[in-house]
Amino acid sequence: MAELVRLYRDSDLGSRLPAYDGRKNLYTAGTLPFDAREFVVRLTDDDDGTGVAPREREYRVAIKFAARADLHHLRQFIAGRQADAPQEALQVLDIVLRELANRRYVSIGRSFYSPDIRKPQRLGDGLQSWCGFYQSIRPTQMGLSLNIDMSSTAFIEPLPVIEFVAQILGKDVISRPLSDANRIKIKKALRGVKVEVTHRGNVRRKYRISGLTTQPTHELIFPIDDQMNMKSVVEYFKEMYGFTIQHPHLPCLQVGNQKKANYLPMEACKIVEGQRYTKRLNEKQITSLLKVTCRRPREQEMDILQTVQQNGYEQDPYAKEFGINISEKLTSVEARVLPAPWLKYHDTGKEKECLPQVGQWNMVNKKVINGCKVNHWACINFSRSVQETTARGFCQELAQMCQISGMEFNSEPVIPIYSARPDQVEKALKHVYNIALNKLKGKELELLLAILPDNNGSLYGDIKRICETDLGLISQCCLTKHVFKISKQYLANVSLKINVKMGGRNTVLLDAISWRIPLVSDIPTIIFGADVTHPETGEDSSPSIAAVVASQDWPEVTKYAGLVCAQAHRQELIQDLYKTWHDPQRGTVTGGMIRELLISFRKATGQKPLRIIFYRDGVSEGQFYQVLLYELDAIRKACASLEPNYQPPVTFVVVQKRHHTRLFANNHKDRSSTDKSGNILPGTVVDSKICHPTEFDFYLCSHAGIQVRILYWS
């Protein structure tokens, strides 16, 4: 399309500079001199990744008038005189402002990345982080706003392939052949990656890797003619390019299609820059990426302002063409800080009540309001570096902290601490569970402590899965680094987690037990939380998982029960909120997660909820009304299935965390409006100017910024 505009702008296009959405839509700021016309564009394609010689391709592009985007409705919407957002008009403006960025940067979703925005940082195993920015046009009460936020993501480092392989394996690969296991690991890492050849001087042909040969390079031969005369890869590269392969013990990269073998020596290839890494990062890489992304608010603000300046919207030819003017200043908004709630602890502690300061407090001189009982527990040590005496000392310290915090916690485990290898997790868990049951003679093992290596891969997930789905056992995992360096604060935090898992209650809101929480304390109220987790990109067969939790006490509203269910792949609507099915014996049967949790609430409190507050996470703006209509209907049906006329009022609240709106204090050093890192204070609310023109929404910073970057709930 860029070539078409270059060739025909001043003639056939009537000097218009169109914006292209990359698919089938082309937008202009006014009418073109024609209603329909076909253009011919010739391009040289030298990057198809198949190894075919470069050739000129002819494209025929048909442009015809489709529709006119009406900006009048957009003005009416922003003024609050129209309820429905004119999505097409907003989309056009968004595409116009993305056009120049699409040419300058690597575009991923609504974000743009470049190694020039900030120096890339190594994440390990052949990956690096690229800094970028998110950009979106949003309608607000003050008019149209351009939402800019900094972003970082993982890219494959543009290394020579041999160096990339060495990073993946964590060792030198030049001196010895690859084992089968390492070859499979490398094949998995390189498949689909684009490389360019380096053995042909200025000719940098690009290919996409389809696989890895099973044989080393010096064993590879291929037919050079129809008579099936064979030649080795080593000979071919020497004769054809004068290139001597230095490491013939390594396998070759396979490129192009599988029908026609095309081999490239690793040492003759370099990874092409700008390829995003789409697979799951390991723990080390996640930690490295967090270090890059977690910046202090002042730094984040300066990065955003610098990005706006670098993008030069005032000089953007597409913005000028469409008459869009953008201020380079941040918007000033008024905010207020909600007061922190008083917390109630047990009367036997020195401090019976607590007022959090800047969203934080500790358990010194306090006892949990409802302590659990743990009589029967065991511990498995999966860390080789932790000796039995060290593990025993840690468990004793943790048990003591649980007692200090107000729990009845047996100081001794049911059986001695059991040591096991991480690769025998299922065997170890079932062994300890069965031995404990035999010793308890009919009583249940209540809690399992597990000491894990700091880098434990899938071990944590395996423990949780086996304990929760196979054994019905509550577990608490602790990392090796915390076992060696015992911190009172860490032990206190773990003890609070154990108390809640075992059915205790750490604290309640003072206003709750004083019947002073608006819209909660006056009548029995149940609070739901719901979300759907989708599988990662590429996992096409995995289901999405829907989860719903609901409060099980009133007026305290601190105990929750949860239910999960699998549903169709990437389905956002929660299918099992309410359901009916036919049973041969009982006829039509009703069920679903809402119904079950309402029944559970009534059993726990002795009352049916007379008000429902439903918090729903993970819904995009385009799905708001679809989710509201479907899921509110399911809630209504679940209530009616319990009693014909049971229809309590429902407040349906959509919660969004990843909206990219960043709030900064006007003065980063003002401690009356920021914490010590410069973050806005927890409890900060903004409900004007930058909010939706017609819908009731607000931004709330509900917690302290412990990792510098804060989530604002909208």
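With the first letter of the sequence shown counted as 1, position 439 gets the number 439 in full-length UniProt numbering; the numbers rise by one all the way through.
Ideal placement from N, C-alpha and C gives every residue a C-beta, glycine not left out.
Since we're looking at a predicted model, the values are computed, not measured.
Decide if residue i is buried, meaning its Cβ has at least 16 other Cβ atoms within 10 Å, or exposed.
i	result
Ile-463	buried
Met-228	exposed
Thr-50	A caution first: Thr-50 carries a pLDDT of 46, below 50, which makes its placement in the model unreliable, though a value can still be read off. Looking at its Cβ environment, which holds fewer than 16 other Cβ atoms inside 10 Å, Thr-50 is exposed.
Leu-338	exposed
Tyr-277	buried
Leu-429	buried
Ser-688	exposed
Met-230	exposed
Met-363	buried
Trp-515	exposed
Ala-79	exposed
Gln-489	exposed
Ala-36	exposed
Beta-carbon within less than 6 Å of residue i's beta-carbon, same chain only, minus the 5 sequence neighbours each way: which residues are those?
i	result
Ile-613	Ile-527, Thr-651
Glu-58	Arg-42
His-703	Gly-359, Pro-682
Thr-348	Lys-367
Glu-556	Val-508, Ala-512
His-249	Pro-177, Pro-216
Ile-435	Ile-415
So, with DSSP's three-state summary, where would you put residue i?
i	result
His-660	coil
Glu-334	coil
Asp-10	coil
Ser-107	strand
Leu-17	coil
Arg-298	helix
Phe-528	strand
residue 717	Any property of residue 717 remains undetermined from this structure, which presents the chain solely from 1 to 714.
Pro-317	helix
Gly-51	Confidence at Gly-51 is low in this model, with a pLDDT of 49, below 50, so the placement of that residue should be treated as unreliable; the coordinate-derived value is given next. Coil, per DSSP.
Phe-77	helix
Tyr-113	strand
Leu-681	coil
Gln-227	coil
Lys-289	Sequence inspection shows Leu at residue 289; the Lys mentioned does not correspond to that position. Three-state DSSP puts Leu-289 in a helix.
Thr-389	helix
Arg-409	Just to set this straight, residue 409 is Phe in the shown sequence, not Arg. In the structure shown, Phe-409 sits in a strand (DSSP, three-state: E or B).
Ser-714	Model confidence at Ser-714 stands at a pLDDT of 45, short of 50, so the residue's coordinates are unreliable and nothing is read from them.
Ile-271	strand
Val-627	helix
Phe-237	helix
Ser-232	strand
Thr-558	coil
Val-40	strand
Ala-568	coil
Phe-601	helix
Ala-69	coil
Across which residues does DSSP place residue i in a beta bridge pair?
i	result
Pro-251	Pro-216
Gly-211	Gln-254
Pro-584	Answer is none; Pro-584 lacks a bridge partner.
Asn-147	Ser-136
Gly-457	In the DSSP output, where bridge partners are listed per residue, Gly-457 has none listed.
Ile-221	Ser-232
Enumerate in chain order the residues of its own chain whose CB-to-CB distance from residue i is below 7 Å, with the five nearest sequence positions on each side excluded.
i	result
Lys-187	Gly-211, Leu-212
Gln-167	Asp-125, Gly-126
His-346	Lys-367, Val-368, Ile-369, Gly-406
Val-197	Arg-204, Arg-205, Leu-264, Ala-268, Cys-269
Gln-246	Glu-267
Leu-628	Phe-652
Go through its chain and collect everything with a Cβ distance to residue i's Cβ below 8 Å, but skip five positions before and after it.
i	result
Gly-281	The residue asked about is misnamed: residue 281 is Leu in this sequence, not Gly. Once the five neighbours on either side are set aside, the close Cβ partners of Leu-281 are Leu-123, Leu-127, Ala-154, Leu-289.
Tyr-194	Here the sequence assigns Lys to residue 194, which means Tyr is not the residue at that position. Here the set comprises Gly-49, Lys-206, Tyr-207, Arg-208, Ile-209, Ile-271, Val-272, Gln-275.
Gln-567	Val-532, Pro-543, Ser-544, Ile-545, Ala-546, Ile-574, Gln-575, Asp-576
Lys-481	Asp-454
residue 715	No information on residue 715 is available, as it lies outside the stretch 1 to 714 that the chain covers here.
Cys-395	Cys-379, Pro-413, Ile-417, Leu-449
Touch test, the segment 650-657 against the segment 583-598, Cβ-Cβ under 8 Å, three pairs minimum: no
Three CB pairs or more closer than 8 Å across the segment 373-383 and the segment 415-426: yes
The segment 497-517 / the segment 471-489 touching (three or more Cβ pairs under 8 Å): yes
Cβ pair count under 8 Å reaching 3, the segment 11-27 against the segment 93-101: yes
Stretch-stretch touch, CB-based, cutoff 8 Å, three pairs: the segment 318-338 with the segment 294-310: yes
Meets three-Cβ-pair contact criterion under 8 Å: the segment 654-664 and the segment 616-628: With the cut-off at 8 Å, the segment 654-664 and the segment 616-628 touch.
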